[in-house]
Amino acid sequence: MNLEKALDRLKEQGYKYTGKREMIVSLFAEEKRYLSAKDVLTHMQKEYPGVSFDTVYRNLSLFADLEILETTELEGEKKFRFSCSTPHHHHHLICMECGKTKHIHACPMEHLGTPFDEEFSVTGHKFEVYGYCADCKNNSKANV
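Take 36 as the starting number for the sequence shown in the numbering used here and just add one per residue.
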């Protein structure tokens, strides 16, 4: 995903293009990592001091519903990042400190074979590995 594609998707789905929405999408285009709603709110308050947490969270949820953003949960908090534009199936390594991600090109589902019976139809799956990137390894949290 990139800024232009994200804004086009909003328009295609009939949503208004606003400065706030562009600012949110631009932030994710720049950051390339998972961000919390609070991170986004803090960034937006520089230009929009009256913006509320609810407004930010509603827009993040909308972007996730439109598959502009993908979500994960880190330490009990929902985090967001641009949806991957990688055309092939993959999973992620996620840094618990800074939110950076790296693709994993192997899929554990391939090793399961077909353990599912006719009463259960798999429609999707998600595999994430959490740890610390090289830049964050020396952080006190990473050394616990």
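Cβ atoms here follow ideal geometry from the backbone N, Cα and C, with glycine treated the same way.
Asked, Found
"Span of the beta strand (DSSP E), counted from its first residue to its last, around Thr136", "136-139"
"Contact set for Lys113: own chain, Cβ-Cβ below 8 Å, skip 5 residues either direction", "Ser71, Ala72, Thr106, Thr107"
"Residues bridged to Ile59 (per DSSP)", "Looking at the DSSP assignment, Ile59 forms no beta bridge with any residue, so it has no partner."
"Chain-order list of residues whose beta-carbon lies under 8 Å from that of Ile139 (same chain, five-residue window excluded)", "His125, His126, His127, Leu128, Phe162, Val164"
"Where the alpha helix (DSSP H) through Val165 begins and ends", "Looking at the sequence itself, residue 165 is Tyr, so the reference to Val does not match. Not the alpha helix (DSSP H): Tyr165 falls in the beta strand (DSSP E), residues 163-166."
"Run of the alpha helix (DSSP H) containing Leu109, from where it starts to where it stops", "Premise fails: Leu109 lies in the beta strand (DSSP E), 104-109, not in any alpha helix (DSSP H)."
"Closest by C-alpha distance to Met131, when choosing among Glu110, Leu147, Ser120, Lys137", "Glu110"
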